[in-house]
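Numbering (the numbering used here), first residue to last: 2 to 297.
Below you can see the structure in the form of structure tokens.
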């Protein structure tokens, strides 16, 4: 087995070589004799000293049986240097050397094993993300009575026979028909994002609450009588009473929208035409109005 060593400029390649070897590895320790700048001494089969620069191409000395050392004066590539260092490292550590040439795959594996550290990242879910929001009625300012009209100045009017709200323009003589609502504010934990202030909407003096429930695959607005208001003091976002909850959010200087807490993206709305029912719709509905003026 022959091992070829080529002279190369250590002062230009030392940094690159150190990246490929362990910091504690000294190249000179891999040889039986310390490397000298001007003289290379080789024993075991070659008793004479050879001056640097006087070697001719192909001169060799037998170090041990089956191992031959050949020194060439011309500089070699970085790949040859890497092969040399890895081979010497294996010899130093007592590994059986079967060859001095390594494939690209072998070189990559050797270097990666030396310099790459494995890091395992464990993703821990924020416990508040999986918790269900609980809404509690505010005790500071539990109810605010106000009137509501849409951006076309149509007021909400109660149709007691059909038990529904309609929107129409009221003249001075019919202003008494306008519905006034009690807005009950709620505090949420954890906070449900930036959806707005949670509120429940009650028709003043009627014990009728606006609710949003699913019917035939579509959220619909209803009026429900609630005699025991205490059951609405605490509302679970995943519970059945969440249908009474809406998110009040300002979307202009004086305009407000009411989004269902149970069905995200569905809002209380009025039709552009007069005397049409108040219903739920999405923001994409072009023929519905979802912005209201709320006045105390």
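Where a beta carbon is used, it is the ideal one built from N, C-alpha and C, also for glycine.
Kindly list the residues whose CB is nearer than 7 Å to the CB of residue i, restricted to its own chain and excluding five residues on each side of it in sequence; keep chain order.
i	result
residue 244	212, 213, 214, 263
residue 170	154, 155, 275
residue 223	212, 214
residue 295	147, 149, 257
residue 290	151, 152, 153, 270, 271, 273
Below 6 Å CB to CB, which residues in the same chain sit around residue i once its five sequence neighbours on both sides are set aside?
i	result
residue 44	Confidence at residue 44 is low in this model, with a pLDDT of 42, below 50, so the placement of that residue is unreliable and no value is reported for it.
residue 235	137
residue 167	158, 160, 276, 278
If you follow the beta strand (DSSP E) that residue i is in, where does it begin and where does it stop?
i	result
residue 175	No beta strand (DSSP E) contains residue 175, which DSSP labels as neither H nor E.
residue 236	235 to 237
residue 138	135 to 138
residue 272	268 to 272
residue 1	An answer regarding residue 1 cannot be provided, because it is not within the stretch 2 to 297 covered by the chain.
residue 160	156 to 160
residue 249	246 to 251
residue 151	144 to 151
residue 200	198 to 204
I'd like the list of long-range same chain contacts for residue i, defined as Cβ closer than 8 Å, with 5 residues on each side in sequence excluded.
i	result
residue 288	272, 273
residue 252	258, 292
residue 283	266, 267, 268
residue 24	Summary for residue 24: the model assigns pLDDT 46, below 50, so the residue's position carries little reliability, and this model does not support an answer.
residue 1	Nothing about residue 1 can be read from this structure; the chain reaches only from 2 to 297.
Thinking just about the alpha-carbon of each residue, which of the options is nearest to the one in residue i?
i	options	result
residue 180	204, 252, 216	204
residue 221	267, 197, 241	267
residue 135	173, 259, 187	187
residue 145	161, 200, 166	200
residue 142	151, 149, 184, 178	184
residue 190	202, 174, 176, 237	237
residue 207	226, 83, 195	226
residue 140	89, 173, 260, 231	231
Confirm the yes/no value for this check: CB of residue i, any heavy atom of the ligand GDP, distance under 7 Å.
i	result
residue 149	Although the ligand GDP was asked about, the structure shown includes no ligands whatsoever.
Assuming residue i contacts residue j under a Cβ cut-off of 8 Å, what Cβ separation, rounded to an integer in Å, is found between them?
i	j	result
residue 248	residue 285	In fact, because the Cβ distance is near 18 Å, the residues do not count as touching under 8 Å.
residue 233	residue 219	The pair is not a contact, with the Cβ atoms about 24 Å apart (cut-off 8 Å).
residue 202	residue 182	5 Å
- Is the region 156 to 167 touching the region 278 to 292 in the sense that three or more CB pairs, one from each, lie closer than 8 Å? yes
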